[in-house]
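Undergrad: Numbering-wise (our numbering), the sequence shown opens with residue 12 and increments by one. The beta-carbon is built from N, C-alpha and C at its ideal position, and this holds for glycine as well. Supplied in structure tokens, the structure appears directly below.
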Amino acid sequence: MITHHNHVFCLSTACTSYVFRVEEAGHLEHLHYGKRLCLGTDGASAMTQRHSSLPSATIAYSPGTPNLSMELLRGEISTLGKGDFGDPFIDLEFSDGSRTCDFLFDSWEILNEKPMNKELPCALSPGQARGNTLRIRMKEANGRKLVLYLYYTVYEDCDVILRSTRLENHGTEPVIVRRLLSSQIDFDDSDYIFTNFHGSWTSEMHKSMTPCTGKTLVSETRLGFSSNRSNPFVMLSRPCCTETSGEVYGSNLIYSGNHRECAQSGELSRLRFSTGIQPEGFSWLLKPKDRFTAPEAVLSFSSEGFGRLSRNYHDFIRNYILRGIWAHRPRPVLINSWEAAYFDFDEEKLLHLAGAAHDAGIELFVLDDGWFGKRKNTKTSMGDWVCNYEKLPHGIEGLSARIHNMGMQFGIWVEPEAVSVDSDLFRAHPDWSLAVPGQPNSEGRNTRLLDFCNPEVIDYLYHALCRVFSCGVDYVKWDMNRGISDCYSPFLPKEQQGETGHRFLLGLYSLLKRLTDRFPDILFESCASGGNRADLGMLCYMPQFWASDNSDALCRQQIQTNYSYGYPLSVLGCHVSSIPNHQTLRETPIATRYEVAAFGILGYELDICRLRADELEDIQEQIRHYKKLRNWIMDADLYRIQTGENGHYCLMEVSKDQLTGAVMTLQELLQPGSPIRILKTRGLKDNALYHLVSRPAMMNVKPMKGRFASLSSDDPAAGFVRMPRETEDYTLYGDLLNHGGIRLKSDFNGHNLDEDTRYYIDYSTRFYDIELVKE
Ligand code: DGJ
């Protein structure tokens, strides 16, 4: 709901309020963002900043307002040059060389429908009655003829406020936009913890928590895409915040390029929290009559800890970011050829793999890299999106038909933004890639990047990819394996080179829009060397992303848990791979690999033809289990019960109707003499009766062979000795499960190995299915 009274604007969601007003000189003063409150008649005046005299060395805004300092005003936006020395929201360079500007309130309007930007990905409209978007119009105060629009859209159901910004040049002179952010919140104090998620290839989403007081904290990327170095999702929490209690704010950007999130502690210990396009390396020539729109920022607040904040984002993403027929549809279980074959395959080998996968219950066969041009390693052919007939004599169409005949769907990998110098495309169009004319070029994974600022390139790719996707393709993995170097577009004039990074993204988005419109049934998965483009921008076109090239179950558990702060697990591609794991050489049980993947979108990425019969049986059982799970888990509520403390993880999903639940636990390393294990759930109905049962699975107890009589009759030559895991089976009320907890069977302690023992050793997981029996 949006209300307005005497130039005080109040945006309310189910549990939060966002309030600001027009102060006497015309700036927008931020009053409150947090728990929902009722302003009453005196509320706005009580929250207004008092200006009785200014501290020494602060700047008075104007002679007529001696007690107003831009540095002390909590602004909805901030500019340069009028006494605000903090991180600016907007930075413009005028033709006279000046960078001072000042925007004042002009008018406001409540829009019934949120505007949908045609060039940038954006959230769907919440469709609430009585108008869901507030548009504020501001004018530059010193005759520059610039108009700034601030948009605020209210998503009542998931406690989200969406902000975005548009600048229009109504003058006759061009202006250089050096920075135009998406959102800024000024807080009264800086007693907050800034949490960001950083990493690198195969090591995505490390959580870092830093106190804000006395410093400027920045989470940013300059790679050209949102990147694994720093995900655009960040949080700002009070120091005492936990999973279930305390205040926390979140921010994410609907954008896939360079971004910057900043928490800056300033004058009087105030804190400015802002997000937007990374200003470093960016500039935009705003010609007369032109407009520039910044990406949308997704803000949310929870007074019930990190868990609730995450669920706000999960609901928002599922309801307002994902779109198309796959948004809420359970995804097929896939097998991907990459770790099974890399570049070394032919049609026969692929059909073998697909056949064995189909027998195990897998539904979609994905042909990864290596199928096009003369591709046999990373050195060649990127850009030549035509089949390699030496490997695949019947073409993509023939292979796809054979896979379809088996009763499976067929998917294919592409990396459209890259081009190899050794490719027909590069030979035909050397000026179609990003490169500084006359300068040597730096390559990444032996490729350059195509100039996505050039509409001819986009058109070419559209037609080339349409030809591929028309060959019976049900799924596409869209990869991108390098950052932007040599950032120069041969298509753009020299004074617009600062636009290259952003225009590259606009080109990508326009291509994705055309392709997803043309192929609405294809399931797209975004990938960028794993999680280099795990962001809301890509999720507007593709309902899932490949979370990491690290498929080791232990590493994945940490990576996936940390993604879950800002993204629902139901958008993460999670695969069971072979052992020793290809990234870590670690050997984890097959039950662990499955149970770590099962809360995400399940896939297999291994040479299934080489598995033992008992492993194949396990996989069949896993897929049977997953096919039930996936029907409700797509839209479920996630509870993080343990997040890696002392190597323990425990995650729980509960269906929205609270009829079904599932808990998975993981232990990194066994510590003898550990405390008694208690399983306590969250999110179940207190007074309903539930049935909880552990997922049956076999474990390898080979190390114990010889010590226990029950194991001695096994085949001595076998590399494994199988024994069923312990069973837990209870029918209990939700209040007992949520607040009392189940004492699990006792851990193996060196002496016991029977059905009452929990053989919960290094890298073990357990999985419990829960169903409501009676209310
Ligand atoms: C990087 C991806 O993340 C991998 O999954 C795989 O598709 C390779 N590219 C193929 O080159």
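Answer yes or no: the CB of Ser73 versus the heavy atoms of the ligand DGJ, is any distance below 8 Å?
TA: Because no heavy atom of the ligand DGJ lies under 8 Å away, the Cβ of Ser73 does not count as near it: no.
Undergrad: Where does Pro250 land, buried or exposed, given buried means 16+ other C-beta within 10 angstroms?
TA: Classification for Pro250: exposed.
Undergrad: Measuring only from the beta carbon, is Thr458 closer than 8 Å to any heavy atom that is part of the ligand DGJ?
TA: No, since every heavy atom of the ligand DGJ falls outside the 8 Å radius drawn around the Cβ of Thr458.
Undergrad: Could you check where the beta strand (DSSP E) with Ile630 kicks off and where it finishes?
TA: Looking at the DSSP string, Ile630 is not in any beta strand (DSSP E); the run it does join, the alpha helix (DSSP H), is Ala624 to Ile644.
Undergrad: Could you check whether the Cβ of Glu606 sits closer than 8 Å to any heavy atom belonging to the ligand DGJ?
TA: Result no, Cβ not under 8 Å from the ligand DGJ.
Undergrad: Give a yes or no on contact between the segment 188 to 200 and the segment 537 to 550, applying the rule of three or more CB pairs nearer than 8 Å.
TA: As far as the Cβ criterion goes, the segment 188 to 200 does not touch the segment 537 to 550, which means the pair count is below three.
Undergrad: Is Ser540 near the ligand DGJ - that is, is its Cβ less than 8 Å away from at least one heavy atom of it?
TA: Within the cutoff, so yes.
Undergrad: Helix or strand or just coil, what does DSSP make of Ser23?
TA: If DSSP states are grouped into helix, strand and coil, Ser23 belongs with the strands.
Undergrad: DSSP three-state label for Trp443, please.
TA: Helix, per DSSP.
Undergrad: Could you spell out the range, first to last residue, of the beta strand (DSSP E) harbouring Leu422?
TA: Note that residue 422 is Gly in the sequence shown, not Leu. That run of the beta strand (DSSP E) goes Gln420 to Val425.
Undergrad: Could you give the residue range of the alpha helix (DSSP H) that holds Arg525?
TA: That run of the alpha helix (DSSP H) goes Thr511 to Arg529.
Undergrad: With distance defined between alpha-carbon atoms, name the residue in Thr224, Ile70, Pro343 and Lys390 nearest to Asn642.
TA: Nearest option by C-alpha distance: Pro343.
Undergrad: If you drop the 5 nearest sequence neighbours on each side, which residues of the same chain put their C-beta closer than 7 Å to that of Leu178?
TA: Answer for Leu178: Leu157, Leu159, Val188, Leu191, Leu297, Arg302 and Phe303, listed in chain order.
Undergrad: Residues in the same chain with beta-carbon distance under 7 Å from Gly318, minus the five sequence neighbours each way, listed in chain order, please.
TA: Contacts found: Glu254, Thr255, Tyr650 and Arg651.
Undergrad: For the ligand DGJ, is there a heavy atom less than 8 Å away from the beta-carbon of Glu426?
TA: Answer for Glu426: yes, Cβ within range of the ligand DGJ.
Undergrad: Can the beta-carbon of Phe244 be found closer than 9 Å to that of Tyr29?
TA: No, they are not a contact pair.
Undergrad: Using 8 Å as the cut-off, classify the Cβ of Trp349 as near or not near the heavy atoms of the ligand DGJ, replying yes or no.
TA: Indeed, a heavy atom of the ligand DGJ lies less than 8 Å from the Cβ.
Undergrad: Give the DSSP bridge partners of Asn17, in chain order.
TA: DSSP, once it has assigned bridges, lists no residue as partnering Asn17.
Undergrad: When DSSP builds the beta bridges, which residues end up paired with Glu315?
TA: According to DSSP, which records beta bridges pairwise, Glu315 is partnered with Gly257.
Undergrad: Buried or exposed: Ala308, going by 16 or more other Cβ atoms within 10 Å of its Cβ?
TA: Buried is the call here.
Undergrad: Quick one: complete beta strand (DSSP E) runs, 3+ long, within the segment 181 to 236?
TA: Counting only runs of 3 or more, we get 186 to 198, 204 to 211, 214 to 222 and 227 to 231.
Undergrad: Assess, as a yes-or-no matter, whether the segment 734 to 744 is touched by the segment 662 to 676 under the definition of 3 or more beta carbon pairs within less than 8 Å.
TA: Counting Cβ pairs under 8 Å, fewer than three are found: no touch.
Undergrad: Is any heavy atom of the ligand DGJ found at a distance shorter than 8 Å from the C-beta of Asp490?
TA: Indeed, a heavy atom of the ligand DGJ lies less than 8 Å from the Cβ.
Undergrad: Going by DSSP in three states, Lys93 sits in which element: helix, strand or coil?
TA: If DSSP states are grouped into helix, strand and coil, Lys93 belongs with coil.
Undergrad: Name the residue from Gly37, Leu115, Thr52 and Arg47 whose alpha carbon lies nearest to the alpha carbon of His16.
TA: If we check each option's Cα against that of His16, Thr52 comes out closest.
Undergrad: Just verifying my parser: in three-state terms, what is the DSSP assignment at Leu333?
TA: If DSSP states are grouped into helix, strand and coil, Leu333 belongs with coil.
Undergrad: Do Gln568 and Leu677 have their beta-carbon atoms positioned less than 9 Å apart in this structure?
TA: Yes, Cβ-Cβ distance for Leu677 and Gln568 is below 9 Å.
Undergrad: Going by the C-beta, is Thr389 closer than 8 Å to any heavy atom of the ligand DGJ?
TA: Yes.
Undergrad: Is DSSP giving Leu279 helix, strand or coil here?
TA: Here Leu279 sits in helix by DSSP.
Undergrad: Taking 8 Å as the cut-off, is the C-beta of Asp560 nearer than that to any heavy atom in the ligand DGJ?
TA: Asp560: yes, Cβ under 8 Å from the ligand DGJ.
Undergrad: Which term fits Asn698, buried or exposed, when burial requires 16 or more other beta carbons within 10 angstroms of its beta carbon?
TA: Exposed.
Undergrad: At 4 residues or longer, what runs of the alpha helix (DSSP H) sit wholly inside the segment 334 to 386?
TA: With a minimum length of 4 residues, the continuous alpha helix (DSSP H) runs that stay inside the segment 334 to 386 are 349 to 352 and 358 to 371.
Undergrad: Return the chain-ordered list of same chain residues with a C-beta closer than 6 Å to the C-beta of Ile634, the five sequence neighbours on each side being excluded.
TA: The residues are Val344 and Gly372.
Undergrad: Taking the alpha-carbon positions, what's the Leu550 to Leu583 distance?
TA: Whole-angstrom Cα-Cα distance: 11 Å.
Undergrad: Would His38 be called buried (16 or more neighbouring beta carbons within 10 Å of its own) or exposed?
TA: Buried, because 16 or more other Cβ atoms sit within 10 Å of the Cβ of His38.
Undergrad: Just to confirm the assignment, what range does the beta strand (DSSP E) spanning Asp648 have?
TA: Unbroken beta strand (DSSP E) run through Asp648: Asp648 to Thr654.
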